[in-house]
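Trainee: Starting off with a structure, shown below.
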Amino acid sequence: MIAPFQGNAAGQKLYFLLSFDAVRGNVIHLTSNFTAFAVGESLRYRWRGGQADREETDDIIQRISLTEMRFLQRSQFDEIQYGSAMQKRHARGNILRPVIAAHGHFKLLSQRFPEVKTHVIAHECFLRGAAIVAWAPLFRQRQGDLWYVEEEIRTPASPAPWQLQGKTHHGWWQNSWQRWTQEENQKMVCRLAGTAEENAFLPDLAASRRFTIWLKKQTRVCAERPVFRRARNANSGLTGSRV
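This is the structure in C-alpha cells:
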C-alpha cells in the first residue's frame, strides 16, 4: 500500500507492507519503509523522477504481463520506483528502499509464526525474494507453499463456485498462472514454491481486500471532519493503493 505523508512537499509517499491472517482476517504485521535509525546510503530510497512503477488495466491477463514487463525494465529486479519520498529538511530518520523494508517485514513474521507453511503475496518480485529468504529452511525442505495472486473482484459476496479457465505463462521465469472465474470475478494465481497439488488450494487476497475497502471508507469519513479537512490541505490524508 502506498500512502502520503507530511514530507518536504506535496505528494510525498511511504510504502507500506501489511500481512493478514487469511483465516481470521486480522492484521498481524504492518511495516513502512520509514526508519528512525541511521542507515547507509545504499539502503535509502531514491526517487529518480518520471512515472511511478505501476499502470492499471481492467484486463487481468494483460495486467500480469505489464507487471512482469516492468520488472524487466528496472535497473535491478528489486529497485522499485513508487513515487517521491523526501522528508522535511530537519526531520530525523530515513526512508528505506522498499525491498529492505520487505526483508525485515518477512523476517519478523518468520520468527513470530514459524509454523505457518502457506504464504500468499501480491504480484511483486521483490516480495517473492524476501519471503523465500525469510522462510528459506521451509522452502528448502519443500514443506511450504508460496503463491502470487492477482484479483479483479466485482461481486465479493458471490456464492458461485470458482471455475478454472486455463493457464498462461508470463515473465522472465515464464511462471505458470491459472485463471479462475466466478461470475464477474476473476483471479490469477501462480504457485512459486511448494509441493501441494495446484488445484487443491485456491489462494485469495480477501483479508487484504476487506481491509483496504474499510480503510478507504475511514479516510472519506475523516476527510469530512473539520480537523481532518485542515490536515488534508497539509497533505496528511491517507489514501490506499495496492496491497
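Everything in the sequence shown is counted per the numbering used here, starting at 148 for the first residue and increasing by one. For every residue, glycine included, the Cβ atom is placed at its ideal position computed from N, Cα and C. As the structure is a prediction and not an experimental result, all values here were calculated from the model.
1. With a threshold of 8 Å on Cβ separation, who are the neighbours of residue 197 within its own chain once the five nearest residues in sequence on each side are excluded?
2. Applying the 10 Å Cβ sphere with the 16-neighbour rule, what's the burial state of residue 350?
3. How about residue 268 and residue 180: are their beta carbons less than 7 Å apart?
4. Taking residue 187 as the reference, which of 217, 247, 258, 158 has the closest Cα?
5. Which value, in whole angstroms, describes the spacing of the CA atoms of residue 340 and residue 316?
6. Per DSSP, residue 338 is paired with what?
7. Which residue comes first and which comes last in the alpha helix (DSSP H) that contains residue 245?
8. Give the C-beta separation of residue 150 and residue 167 to the nearest angstrom, bearing in mind that I take them to be a contact with Cβ-Cβ under 8 Å.
9. Report buried or exposed for residue 211, applying the criterion of at least 16 other Cβ atoms within 10 angstroms of its Cβ.
10. Taking the DSSP output, what are the residues bridged to residue 326?
11. Return the first residue and the last residue of the alpha helix (DSSP H) that residue 150 is part of.
12. Could you name the residues of the same chain whose beta carbon sits closer than 8 Å to that of residue 158, not counting the 5 residues immediately before and after it, in chain order?
13. Ends of the beta strand (DSSP E) at residue 302?
14. If we call anything under 7 Å between Cβ atoms a contact, is residue 240 one with residue 182?
15. Span of the beta strand (DSSP E) holding residue 269?
16. Is it true that the CB of residue 234 sits closer than 7 Å to the CB of residue 154?
17. Going by C-alpha distance, which of 305, 337, 310 is nearest residue 320?
18. Let me make sure I understand the geometry here. Which of 174, 165, 177, 244 has the alpha-carbon closest to that of residue 194?
19. Secondary structure at residue 356, three-state DSSP: helix, strand or coil?
20. Taking the beta strand (DSSP E) that residue 211 falls in, what are its first and last residues?
21. Please classify residue 172 as buried or exposed, where buried requires at least 16 other C-beta atoms within 10 Å of its C-beta.
22. Considering only their Cβ atoms, is the gap separating residue 226 from residue 318 smaller than 7 Å?
23. Which whole-angstrom value is the C-beta distance of residue 322 and residue 300, which I expect to be below 8 Å?
24. By Cβ distance below 6 Å, which residues in the same chain neighbour residue 327 in space, the five residues on each side in sequence not counted?
25. Report yes if the C-beta distance between residue 254 and residue 281 is below 7 Å; otherwise report no.
26. Are the beta-carbon atoms of residue 296 and residue 352 separated by less than 7 Å?
Mentor: On the basis of the data shown:
1. Spatial neighbours of residue 197 in its own chain (CB-CB distance under 8 Å, excluding positions within 5 residues in sequence) are listed in chain order as 228.
2. Buried is the call here.
3. In this structure, residue 180 does not lie closer than 7 Å to residue 268 by Cβ.
4. The candidate whose alpha carbon is nearest that of residue 187 is 247.
5. In a straight line, the C-alpha of residue 340 is about 16 Å away from that of residue 316.
6. Here residue 338 is bridged, per DSSP, to 294.
7. For residue 245, the enclosing alpha helix (DSSP H) begins and ends at 245–259.
8. Between residue 150 and residue 167 a beta carbon distance of about 17 Å is seen, past the 8 Å cut, so the two are scored as non-contacting.
9. Buried is the call here.
10. Paired residues: 313, 335.
11. Per DSSP, residue 150 belongs to no alpha helix (DSSP H); it is in the beta strand (DSSP E), 149–151.
12. Same-chain partners within the cutoff: 151, 230, 231, 382.
13. Counting along the chain, residue 302 falls outside any beta strand (DSSP E), and DSSP gives it neither H nor E.
14. Against a cut-off of 7 Å, the Cβ pair of residue 182 and residue 240 comes out as a contact.
15. Counting along the chain, the beta strand (DSSP E) containing residue 269 begins and ends at 265–269.
16. It is a contact, given that the beta carbons lie within the stated cut-off.
17. Measuring C-alpha to C-alpha distances from residue 320 to each of 305, 337, 310 identifies 337 as the nearest.
18. Closest by C-alpha distance to residue 194, out of 174, 165, 177, 244, is 244.
19. Residue state, collapsed to three classes: helix.
20. Counting along the chain, residue 211 falls outside any beta strand (DSSP E), though it belongs to the alpha helix (DSSP H) covering 207–220.
21. By the 10 Å Cβ count, residue 172 comes out exposed.
22. Not in contact: residue 318 and residue 226 (Cβ atoms no closer than 7 Å).
23. Actually they are not in contact, since the Cβ atoms of residue 322 and residue 300 sit about 22 Å apart, beyond 8 Å.
24. Non-local C-beta neighbours of residue 327 in its own chain, meaning closer than 6 Å and more than five positions away in sequence, comprise 309, 311, 334, ordered along the chain.
25. Result yes, Cβ atoms of residue 254 and residue 281 sit closer than 7 Å.
26. Against a cut-off of 7 Å, the Cβ pair of residue 352 and residue 296 comes out as a contact.
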